[in-house]
Every structure is written in C-alpha cells, then in structure tokens.
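This report concerns only the one structure given below.
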Amino acid sequence: MASTGQHLREMYELLNQHFGPQHWWPGDTAFEVMVGAVLTQNTNWANVEKAIENLKDSGDFTLEGLYNMSEEKLAALIRPAGYYNLKSRRLRNLLGMIVRDYGGDLSSFFEEETETLREKLLSVKGIGPETADSILLYAAHRPVFVVDAYTHRILSRHGMVLEEISYEDLQELFMRHLPPEPDLYNEFHALIVRAGKTFCRKRPLCISCPLKDWGPVNISS
DNA sequence: CACCAGGCAAGTA
DNA sequence: TACTTGCATGGT
277 MASTGQHLRE MYELLNQHFG PQHWWPGDTA FEVMVGAVLT QNTNWANVEK AIENLKDSGD
337 FTLEGLYNMS EEKLAALIRP AGYYNLKSRR LRNLLGMIVR DYGGDLSSFF EEETETLREK
397 LLSVKGIGPE TADSILLYAA HRPVFVVDAY THRILSRHGM VLEEISYEDL QELFMRHLPP
457 EPDLYNEFHA LIVRAGKTFC RKRPLCISCP LKDWGPVNIS S
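Residue 277 is where the first sequence starts when you use this note's numbering, and the numbers rise one by one after that.
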C-alpha cells in the first residue's frame, strides 16, 4: 500500500514527465498577478490577458490608479474577462482594503504574516479561498497550496479523497505531505490544471492520460 | 449548436 | 444547513 505522500509525489512525477515545466502565471509584477487572480475567477486565462492589456493601455495600471478610476470605466476595461460588473466591484474591494489599511502600498501589505494575509484577503467581499491562495502563492510567494476544481475532480476520481471534501481539507492534504516550497506548489498546481484541461473534463479522456493508472482507484475498472 | 473557463456570494426552502 | 442561481465574455 502506497502512502498518501508517495501517491502525491508519484502524481507530480507523472505529470512533470508528461507535460514538463509550465512557466505558469506570467505577470511582470506582484500587482499584475494579484489583479489577474481576481479576473480569472471561473474564466479562461486568454480572456484575462486581454483585460490586463486594456488596463495597461489605459495608463492607470497601478493600485491607486485603478482604485481612483470610476467603477464603470474599470468595468469597461476588463470587459473581455467576463462578469465585468462583478469583477470591477471585487477588484475595487480588494484595492480599497490595501488603500485603507496599508496606505495603498502593496509591499507593506505583503510584509504581513501568511496567516494574517490570508485572513485579510478573505475578509474582502469577492475574494474566496482560491483567489486568496493564488495571491499568496503566485504574488506573495508563500508556501500555500492552491486548490481548484481540477484538483478536487482528479483526486476524488482517483479515490484519494471523498467527493464532499472541503477546500481546506484538500489543501491540508497537499501541505501535510509535501515540503513547504513555493516553487513546488506553483509547478504542481500548474500541472494539475494542465492535466485537468487536457484529460479530466466532465467527459474524461483517460485513455491517453498520464494518470490513467495512478492512485488507489483504477480508473479503467 | 452546446460546452467550457485557474469562483464567489446571495437567494431559496 | 443544503441546494440553486446570477454573473458574461470569447474560444472550441
């Protein structure tokens, strides 16, 4: 019987061998990564890139710049990312918290302890666990594992966890069994998303999936 | 045409 | 508490 830790390390090896390095979450600055984390909620990254391009072209792509912009103008700029009225509000909520509590200085905000950062992010209306953890890992480089729909789907389908497991418990599973290295968490999450998009949609393509024979449950049985 | 995409909060019973 | 619904564009 393989342990949970061995299963997770094997999963990483299989995905890494099949897909290789993902160079994930391109973004010139922590600010850009943070904005992208909100814009990509339930949205294709290609659409987010267009929205970010619009923000850059506006000449106001700074924390204060976006915060001082009208919500209508912000919504128009991020239109390609979808849910633009919702996301302009959420983005403003996030920027507003940093303006009020940290003088609009993102670097000051990122000096907080990881637990404090997470709580502050989750206190913002529109920032849920995945968005908060994405900001912690990809923008603040903290050793926080990001769970998403694919993580949940792949692990439950392969018998690693019950389907009804919570976000926090699934995150805990990874963090208990892997060393707290941001680079590892970054690559692992990117590989999981890549595998999910390629092989583990609602109608799975298990035949050629590198995880076909991985985990406690044999998918083909 | 249907389906999907790196969620979250609010509404309903 | 446990479901369901709204939010929206652009690509396959």
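By construction, the Cβ of each residue, glycine as well, lies at the ideal position given by its N, Cα and C atoms.
Exposed or buried, L438, counting other C-beta atoms within 10 Å across all chains shown (16 or more means buried)? exposed
Three-state secondary structure assigned by DSSP to P456: Look at P456 here: in three-state DSSP terms it is coil, with no helix or strand label.
Could you check the C-alpha separation between R285 and V309 for me, to the nearest Å? 27 Å
For F386 versus F421, is the C-beta spacing smaller than 8 Å? no
Count the other C-beta atoms from every protein chain shown that fall within 10 angstroms of the C-beta of L481, then say buried if there are 16 or more, exposed otherwise. exposed
Option nearest G296 by Cα separation, candidates K488, R418, G341, L467: L467
Our contact map puts S364 next to E347 with C-beta atoms below 8 Å; I'd like the distance itself, whole angstroms only. 5 Å
Select from L350, V423, L370 the residue whose C-alpha is nearest the C-alpha of N462. V423
Mapping DSSP to helix, strand and coil, what is R374? For the sequence presented, residue 374 should be read as Ile rather than Arg. In the structure shown, I374 sits in a helix (DSSP, three-state: H, G or I).
With H, G and I counted as helix, E and B as strand and the rest as coil, what does DSSP make of D409? helix
For the alpha helix (DSSP H) containing F385, list its first residue and its last residue. Run containing F385: 382-385, per the alpha helix (DSSP H) assignment.
Can you tell me where the alpha helix (DSSP H) with A278 in it begins and where it stops? Segment: none, A278 is in no alpha helix (DSSP H) and carries neither H nor E.
For Y359, which of helix, strand or coil comes out of DSSP? Looking at Y359 - three-state DSSP - the assignment turns out to be coil, as it is neither helix nor strand.
Beta-carbon within less than 7 Å of L382's beta-carbon, same chain only, minus the 5 sequence neighbours each way: which residues are those? A306, F307, L339, I374
According to DSSP, is H299 part of a helix, a strand, or is it coil? coil
Tell me the residue span of the alpha helix (DSSP H) that contains E347. 347-353
Give every residue of the same chain whose Cβ lies closer than 8 Å to the Cβ of W490, excluding the five residues on either side of it in the sequence, and list them in chain order. H283, E286, M287, L290, H434
Let's test the definition: count the other Cβ atoms within 10 Å of the Cβ of I483 and tell me whether it reaches 16, buried, or not, exposed. Counting other Cβ atoms within 10 Å of its Cβ, I483 stays below 16 and is therefore classed as exposed.
Thinking just about the alpha-carbon of each residue, which of R477, E444, A425 is nearest to the one in H465? A425
For the stretch 389-409 against the stretch 309-329, are there 3 or more C-beta pairs whose distance is under 8 Å? yes
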